[in-house]
Amino acid sequence: MLGIEHVGSTAVPGLAAKPILDIDLIVPDSADESAYVAPLEQTGYRLVMREPSWHEHRMFRGVNPDVNLHVFSQEAPEHIRHVVFRDWLRTHDNDRERYEKAKRRLAAETVDAPDRYNLAKNAVIDDIYARAFGTCLPDAG
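Count along the sequence shown starting at 1, add 426, and that's the number in our numbering.
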């Protein structure tokens with residue numbers, strides 16, 4: 427293990443969130459499941475998703491507390507996006523409130539199709555990413 431970060435809505439004070447923790451676990455190579463699956467399963471986590479085409483992402487579920495454990499390789503950009511998004515929402519009230527309103531509206535709209543909920547949030551997330559990452563870029567002028 428190289429790192430672990432609490433990400434997701436529960437990591438942002440004041441943001442409405444389901445009682446599920448999202449945790450990113452960074453390992454040398456997430457495709458090398460032999461290095462981490464058995465120890466995680468021995469502690470009660472269950473592998474529920476493999477996405478080799480998306481940064482070799484793996485997701486485990488844990489209970490007590492409820493956890494979505496996302497496993498990424500150290501070079502995967504998705505973990506960095508998670509941390510930037512979390513930190514941006516912690517310090518930008520307007521975007522945090524906007525994101526929360528979108529989450530509440532979309533949760534109500536997708537109640538009969540919860541698998542659509544995450545996809546439906548992409549527009550507001552992408553807009554916030556544009557501002558968050560735009561502040562990290564050097565001035566082109």
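Even for Gly, the Cβ is constructed at its ideal location relative to N, Cα and C.
Local Cβ density within 10 Å of residue i, reported as buried at 16 or more and exposed below that
| i | result |
| --- | --- |
| Asp450 | buried |
| Glu482 | buried |
| Ala566 | Reliability fails at Ala566, whose pLDDT of 46 lies under 50, so the model's placement of it is uncertain and no value is given. |
| Ser456 | buried |
| Thr436 | buried |
| Leu495 | buried |
| Arg557 | exposed |
| Val453 | buried |
| Ala534 | exposed |
| Lys529 | buried |
| Ala502 | buried |
Inter-residue CB distance, residue i and residue j (contact presumed, cutoff 8 Å)
| i | j | result |
| --- | --- | --- |
| Val474 | Met485 | 6 Å |
| Phe498 | His505 | 5 Å |
| Gly434 | Leu447 | 7 Å |
| Thr536 | Ala549 | Not a contact, Cβ separation roughly 14 Å. |
| Arg405 | Gly470 | Coverage of the chain is limited to positions 427 through 567, which leaves residue 405 absent and any answer about it impossible. |
Bridge partner(s) assigned by DSSP for residue i
| i | result |
| --- | --- |
| Leu447 | Val493 |
| Ile430 | Leu451 |
| Arg472 | Arg487 |
| Glu467 | Answer is none; Glu467 lacks a bridge partner. |
Whether residue i touches residue j by CB criterion (8 Å)
| i | j | result |
| --- | --- | --- |
| Tyr555 | Arg507 | yes |
| Leu532 | Val438 | no |
| Ala461 | Glu526 | no |
| Val509 | Glu431 | yes |
| Arg487 | Arg472 | yes |
(request) With a floor of 4 residues, list each alpha helix (DSSP H) that falls wholly inside the stretch 498-543, ordered by position along the chain. (result) 503-517, 519-535
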